[in-house]
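2 protein chains.
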Amino acid sequence: MFELEDTRQKLIDCAGQIFSAKGFEATTVREVCQAAGANIAAIHYHFGDKERLYIECVKYAHCQQGMTLFDWPPGTLPQHKLTVLVTHMLTMMVATDRPAWQIELMVRELARPTVACRALVEEFISPVFAQLLAIVSELLPAETPLLTRQQTAFSVVAQCLLYRYHRPIGQLLIGEEQFQQLLNVDTVANQIIAFSLGGIRECARQYQSSAGEGAAS
Amino acid sequence: MFELEDTRQKLIDCAGQIFSAKGFEATTVREVCQAAGANIAAIHYHFGDKERLYIECVKYAHCQQGMTLFDWPPGTLPQHKLTVLVTHMLTMMVATDRPAWQIELMVRELARPTVACRALVEEFISPVFAQLLAIVSELLPAETPLLTRQQTAFSVVAQCLLYRYHRPIGQLLIGEEQFQQLLNVDTVANQIIAFSLGGIRECARQYQSSAGEGAAS
DNA sequence: TCTTAATTCAATCAACTGTTTGATTGAAAC
DNA sequence: GTTTCAATCAAACAGTTGATTGAATTAAGA
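Chains A and B are the protein sequences, given in the same order. In terms of this note's numbering, the numbers along the first sequence are unbroken and rise by one, the last being 217. In terms of this note's numbering, the numbers along the second sequence are unbroken and rise by one, the last being 1217.
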C-alpha cells in the first residue's frame, strides 16, 4: 500500500539522477526502471509517460531546493544584504554535498529550456533576482535607468552562475585541482562580493552627476 | 565530381544547424539527410557514422569562427586592452547575424561537454582566457596570488557568457523586448567594462598593502 | 567507346525506443 | 468468503533508430 510512495519516489530519484547526467533524450525508461528496481510499466502507471516523469523530476528538484526570501530589519546596510544574498546563492549552486542531481537537473533545464523552464524561472529564479535587483538599486543612484540596474544585477549573478554552469571549462582552463579550490564558498563569495561592490560603485559613478549619494561603502 | 564538396558541406551545414537546435541525441540522421537533400547512406559514406559527423560539425564551427590574438603595441593601457577584448568577446557571442548555429553548437558543447570539448577549449577558449588573464594581471598588484587573478578573470568572462548562455532566462526575467536591448554590443560592453574596471580596482585594493600601484584608471 | 572510380540511391537490417496490454498479486472493505 | 482495487509483472506492441548492403548512376580518363 505505502509502496506507492516508495516506488514512485524511487522512480523520481533514479530518473532525476539519470536525466541530470544524460539529458532527456539520451535517457531510456528501461534504464530508469532498472535503476529503480521497478517494472517498465511503472512509469506509465505512476506518471503517464516519460515526459511527465521528467517534469515531475524537475518540479521535485526545485521544490526540495530551499529558496529563502530574506526579511531584512530596517536599516540593514545594502552591502551586508548583498553579502548574505551572494553567499546564499553560491551555497546553493556550489553545494556538492547532498542531492547533486537536483541542482544539476535545474542547471540543465536552464541551459536548454524545455516545458518545465518557465515555471522554474518564475517560482525559483525570479524571486532571487527581484531581491538582488532591489539591493542593487539601493546601491545605485536613484536616477539610474531600470535597464542599467538590471544589467548590474546580471553582472552579479553571472559571476555566481559561472561556477556552476561552466565548471568543466573552468577545470580545463586552470586545472582541476586549482579549480577545486574555487569551490570553497567563502573564498569565491569574498571575491565576488568585493568585485561586485567595486563594479557597482563604478556604475554608480556614471549616474551621479552632482551629489555623491547611493555609492557603495 | 565536385558534388563531393557540395553534398559533404551541405551535410555539415544542415547537421550543424539541427544538432545546435536539438542536441546530438535528439537529432536523427534521416532528418539531417532530408534537410540536406541527400540520401541516408551519404552520412556513412562521407563521415562513417553519426558521431563523426557531429565532431566534424563542431570542428568546422569553431574553425570558421575567427579567433584573433591581439598584438598590442608596447605601452598600450591595460584599460584599453580590456575594452577591446571584452568588446571582441561580446561581438563573437552576441552576434546573431551570420552562421548562428556555429556559435550555438559551441555553446552547447561547452555547456554539456562531449568528446569535442577538450579540443574546443584548448584551441579556442584558452587563448582568449590567457589574454584576459594577462590584462587583469597588469591591473592588479604584482603580489596578487595566481588564484585571485584567475578568479578576477572569471568574473569578467562570466558577465560576457551570461548574455549567450542564459538568454532564455534573461528573457523570462526582464521581458523579451527589454532583454533585446541588452543584445546591443556597445551598450552591454560599456556596462561590463565599467563594472569590471571597478571590480578589479576593488580587488586590487585588497592586495596593495603599502604602495598604491597597479589599480585601474 | 570502354573502363574505372566516385557518388548516390532504394531497400533492408537488427536493435532499441516509449508505450500498452492482460494477467497476477496482496491487502484492505464489505 | 467474496469483492474491490491499487500495484506490479512479463510480454509484446508498433514505430523509429543508426547502420549497411548492393545495385544504379554519374563523370572523367584512355
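C-beta atoms are modelled at their ideal positions from N, C-alpha and C, and glycine is treated no differently.
- Collapsing the DSSP output to three states places G75/A in coil.
- By the criterion of at least three beta-carbon pairs nearer than 8 Å, the segment 1002–1021 of chain B is in contact with the segment 1035–1045 of chain B.
- Counting along the chain, no alpha helix (DSSP H) covers E1025/B, and no H or E run does either.
- Using a CB distance cut-off of 7 Å, C57/A does not count as an interface residue toward chain B.
- Closest in alpha carbon position to Q131/A, among C33/A, Q180/A, L183/A, V84/A, is V84/A.
- Against chain B, a Cβ distance below 9 Å from T152/A picks out Q1191, F1195.
- Identification of residues in the segment 1120–1132 of chain B having a C-beta nearer than 7 Å to some C-beta of chain A yields V1121, I1125, S1126, F1129, given in sequence order.
- Per DSSP, P127/A is one residue of the alpha helix (DSSP H) stretching across 126–139.
- Only residues of its own chain outside the window of five on either side were considered, and among them R8 have a CB closer than 6 Å to the CB of H46/A, listed in chain order.
- Neighbours of P1145/B in chain A, taken as residues whose beta carbon is under 7 Å from its own, are absent, since the nearest beta carbon is some 10 Å off.
- In this structure, A204/A sits near L140/A, with a CB-CB distance shorter than 7 Å.
- With distances taken between CA atoms, G48/A lies nearest to V29/A out of V29/A, D6/A, Q79/A, G37/A.
- DSSP, read as helix, strand or coil, puts E1123/B in helix.
- Between K81/A and I55/A, the alpha-carbon positions lie close to 34 Å from each other.
- Contact between H62/A and L120/A is confirmed by a C-beta separation of about 6 Å, below the 8 Å threshold.
- Straight-line measurement puts the Cα of G198/A at about 11 Å from the Cα of Q79/A.
- No Cβ-Cβ contact shorter than 7 Å links V136/A with T148/A.
- Between Q159/A and F129/A the beta-carbon gap is near 14 Å, outside 8 Å, which marks them as no contact.
- In the DSSP assignment, H1044/B falls within the alpha helix (DSSP H) that extends over 1041–1046.
- When C-beta distances to chain A are compared with 8 Å, the residues of the segment 1098–1121 of chain B below that value are R1108, L1110, A1111, R1112, P1113, C1117, R1118, V1121, in chain order.
- Within chain B, the C-beta atoms nearer than 8 Å to that of P168/A come from L1110, P1113, C1117, in chain order.
- Taken through DSSP and simplified to helix, strand or coil, A1036/B comes out as helix.
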